[in-house]
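Residue numbers (this note's numbering), protein chains in the order written: chain A, 1 to 71; chain B, 101 to 171; chain C, 201 to 271; chain D, 301 to 371; chain E, 401 to 471; chain F, 501 to 571.
Just so you know, even glycine gets a beta-carbon here, dropped at the ideal spot from N, CA and C.
Given the structure is predicted, the values throughout are model-derived calculations rather than measurements.
Below is one structure; the comments refer to it alone.
There are 6 protein chains.
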Amino acid sequence: MTLLSARNVLKGTVKKIEHGVVNSEITIELAGGAEIVSIITKSSTERLGLKEGKKCSAVIKASNVMIATDL
Amino acid sequence: MTLLSARNVLKGTVKKIEHGVVNSEITIELAGGAEIVSIITKSSTERLGLKEGKKCSAVIKASNVMIATDL
Amino acid sequence: MTLLSARNVLKGTVKKIEHGVVNSEITIELAGGAEIVSIITKSSTERLGLKEGKKCSAVIKASNVMIATDL
Amino acid sequence: MTLLSARNVLKGTVKKIEHGVVNSEITIELAGGAEIVSIITKSSTERLGLKEGKKCSAVIKASNVMIATDL
Amino acid sequence: MTLLSARNVLKGTVKKIEHGVVNSEITIELAGGAEIVSIITKSSTERLGLKEGKKCSAVIKASNVMIATDL
Amino acid sequence: MTLLSARNVLKGTVKKIEHGVVNSEITIELAGGAEIVSIITKSSTERLGLKEGKKCSAVIKASNVMIATDL
């Protein structure tokens, strides 16, 4: 079983993929309905076989999560 | 109204705060129940007045969201 | 009033915008004359209504600021 | 002469250093008066010989600079 | 089989672990002898069961790799 | 002599360069044979004079190195 040091491994489903020239923008719907947008290279999108409806996880280091109040 | 260039501004509520010497670990419960952990400095925790139950947003740049399959 | 956990919120003015296919390169002139370059998506540039002369802030986490000597 | 791929290499002077157990918080005053806070390890602070008044540069990747309006 | 969007997944072996109060500093020896230092939380070090001699991978997004010449 | 606060300054040689519209993907071969991929802007690639065979260093903050087991 693979383990990652990143604290946030959020299970979800690919909701939408938009391809640019080099990058893809992937919208992931988490359990409960919140959505997270990820930008990865198009080659990684293909290597992972991402497509709408596929199960995946959003991986985010805790130190990359800022907090805002009253936004 | 304040606008941020970051693509992910996820509304939620502070669920838990744990203080280290310098940093705080903040667990945010998003609408729908998913949880995100953030690590910020303890001085920022105080400056923002974070405490359990307070409304806040998790702010994450799309390029800081990696994707994993089959984790 | 919106508060952010990031330590650096530097007030300035948009000095120059260059658009690529997906991203925009924004040059911000800080009070005092120092300049900071930011790369954000073109869609965020539009969403924030950035144009030359507009007031804005550069937001940078302290842990993303490296230090060099004798460069 | 050393060159770095990072777009922002901002010359300044160390204004203040605060040491934690593991990290140091370095305040750099840029030409013109703007200030940037950096968090690096205390061992790097020592390795670079940083102290108040020393010349140094703040190095920041353009993609780590977010933009906010009306903050 | 788990796949990650990060471009750099470098196989190696834990060479040294130093624990701070909150974080651990992990030195990984890559095949061929190059060494990479990682800082992760002590809780992640324990969760992954890291110890000297254990096989692991260093995971680094390509956009987090800067380049310097003549350093 | 230039010093950087980043913990990882890994000496190597440019093995391959692929240009996109805005960014370049640089493959660096480290001493011992491990390879690291970096994405920087094409303008930085030109500014640093990068080409196959050129000596350079990959610069990576320790906090940007995640760890995975059993990948």
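Here's the rule I'm using: 16 or more other beta-carbon atoms within 10 Å means buried, otherwise exposed. How should residue i be labelled?
i	result
K551/F	exposed
V465/E	buried
V259/C	buried
A362/D	buried
E346/D	exposed
E125/B	buried
Should residue i and residue j be called a contact, given that it needs their Cβ atoms to be closer than 8 Å?
i	j	result
L203/C	L103/B	no
K354/D	T327/D	no
I239/C	S338/D	no
N444/E	S5/A	The amino acid at residue 444/E is misidentified as Asn; the sequence shows Ser. Yes; because the gap between Cβ atoms is below 8 Å, this pair is in contact.
G220/C	V521/F	yes
Using a Cβ-Cβ cutoff of less than 7 Å, which residues in the same chain neighbour residue i once the five nearest sequence positions on both sides are dropped?
i	result
K116/B	T127 and E152
V509/F	S557 and V559
T469/E	none
A231/C	K211 and G212
Here's a check: name, in chain order, each residue in its chain whose Cβ is nearer than 6 Å to the Cβ of residue i, leaving out the five neighbours to either side.
i	result
E329/D	G312, T313, K315 and E335
R7/A	A62
E218/C	E225
M401/E	none
Whose C-beta lies closer than 8 Å to the C-beta of residue i among residues of the same chain, with five residues either side of it excluded?
i	result
N323/D	I339, I340, T341 and K342
List, in chain order, every chain H residue whose beta-carbon is nearer than 8 Å to that of residue i.
i	result
V559/F	Within the model displayed, chain H is absent; protein chains A, B, C, D, E and F are what it includes.
Where in the stretch 304-367 of chain D do unbroken runs of the beta strand (DSSP E), each at least 3 residues long, occur, reported from the N-terminal end onward? 308-319, 323-330, 335-341 and 355-360
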